[in-house]
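Numbering (UniProt numbering), first residue to last: 1 to 236.
Report on one structure; see the data block that follows.
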Amino acid sequence: MNPPTDSPTPSWHRAIRSFVLREGRLTLAQERAFRELWPRFGLDWSPGVPLDFGAIFGNDRPVVLEIGFGNGDSLAEMAEQDPARNWLGIEVHRPGVGHLLLEIERRALANLRIVRHDAVEVLAHSIPPVSLDAVQLFFPDPWPKRRHHKRRILSPDLVVLLARAIRPGGIFHAATDWEPYAEQMLETLDAAADQFENTAGQGQFASRPALRPLTRFEQRGERLGHRVRDLLFRRR
Numbered sequence: 001m002n003p004p005t006d007s008p009t010p011s012w013h014r015a016i017r018s019f020v021l022r023e024g025r026l027t028l029a030q031e032r033a034f035r036e037l038w039p040r041f042g043l044d045w046s047p048g049v050p051l052d053f054g055a056i057f058g059n060d061r062p063v064v065l066e067i068g069f070g071n072g073d074s075l076a077e078m079a080e081q082d083p084a085r086n087w088l089g090i091e092v093h094r095p096g097v098g099h100l101l102l103e104i105e106r107r108a109l110a111n112l113r114i115v116r117h118d119a120v121e122v123l124a125h126s127i128p129p130v131s132l133d134a135v136q137l138f139f140p141d142p143w144p145k146r147r148h149h150k151r152r153i154l155s156p157d158l159v160v161l162l163a164r165a166i167r168p169g170g171i172f173h174a175a176t177d178w179e180p181y182a183e184q185m186l187e188t189l190d191a192a193a194d195q196f197e198n199t200a201g202q203g204q205f206a207s208r209p210a211l212r213p214l215t216r217f218e219q220r221g222e223r224l225g226h227r228v229r230d231l232l233f234r235r236r
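Right under this line is the structure:
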């Protein structure tokens, strides 16, 4: 069942986060990127203030959100290959954000913006209902130790936020090379069958779409024998 588009944003309390801030040192180029490029391509997050995508991008093209883009290389490549859509990346680690800012400049991308904040809080408080064409979650931290599983970002609570943010017919695309996490992701998403349809069929993983570039992280995992699993779910 689709939630009403004018329903209020849920009140979320982030007691346990899915990430740990380990702030590496910025390069001189990344420092320049924050000084000169962040005012143009970065969005300062304010709690309770919805993002106005029409004003942000200057058009009404569909918007794709990526949660945790790492160093941003693959996100920049996707934005460059698909200029008909707008792209919003969320990441908490400053070096990755600085790197992506430089890629935006190098590739002269007009359709990519960045938020540096907790993605769950952004989804809960700043993304208008049914405003996203797609959401991507590639290679999130698997938190492999059992006592840390509660930190995994893909949970039933996140699915509620995704269902609220993604338009009917829009896509949630996740990928991981950690088999136990892949199985948990699949179980969690299949349990929300009233809101999301598994495009590969109930209980099945999808083939990697051509749109998703192979990252260095993924290539390293493949060399180590880690099988990558893609999950593609369509909002009902």
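Glycine included, each C-beta is placed from N, C-alpha and C at the ideal position.
Here the structure is a predicted model, which means the values were calculated and not measured.
In chain order, what residues of the same chain have a beta carbon less than 6 angstroms from the beta carbon of glutamate 222, not counting five sequence neighbours either side? No residues qualify anywhere along the chain.
Whole beta strand (DSSP E) elements within the stretch 157–211, 3-residue minimum: 166–176, 196–198
Helix, strand or coil: which one does DSSP assign to leucine 232? strand
According to DSSP, what are the bridge partners of isoleucine 56? Beta-bridge pairing links isoleucine 56 to no other residue.
Please classify glycine 24: does DSSP put it in a helix, a strand, or coil? coil
Assuming alanine 134 is part of the beta strand (DSSP E), what are its boundary residues? 132–138
DSSP state of isoleucine 153, grouped into three classes? coil
What are the start and end residues of each continuous beta strand (DSSP E) run of 3 or more residues lying completely inside the stretch 79–125, in chain order? List check, beta strand (DSSP E) in window: 86–90, 112–115.
Got a sec, what are the start and stop residues for the alpha helix (DSSP H) arginine 40 sits in? 38–41
Once DSSP output is grouped into helix, strand and coil, what is the label at arginine 65? The residue asked about is misnamed: residue 65 is leucine in this sequence, not arginine. Note: leucine 65 maps to strand in three-state DSSP.
Is isoleucine 153 closer than 8 angstroms to proline 140 when the C-beta atoms are compared? yes
Taking the alpha-carbon positions, what's the histidine 125 to glutamine 202 distance? A direct Cα-to-Cα measurement between histidine 125 and glutamine 202 gives close to 31 angstroms.
Give me the residue from Ala163, Leu224, Ala206, Arg208 with the minimum Cα distance to alanine 191. Ala163
Would you identify the three-state DSSP class for serine 18, choosing helix, strand or coil? In this prediction, serine 18 has a pLDDT of 48, which is less than 50 and means its spatial position is unreliable; what the coordinates show is noted afterwards. Residue state, collapsed to three classes: coil.
By how many angstroms is the C-alpha of phenylalanine 53 removed from the C-alpha of asparagine 86? Spanning the alpha carbons of asparagine 86 and phenylalanine 53 requires a straight line of approximately 9 angstroms.
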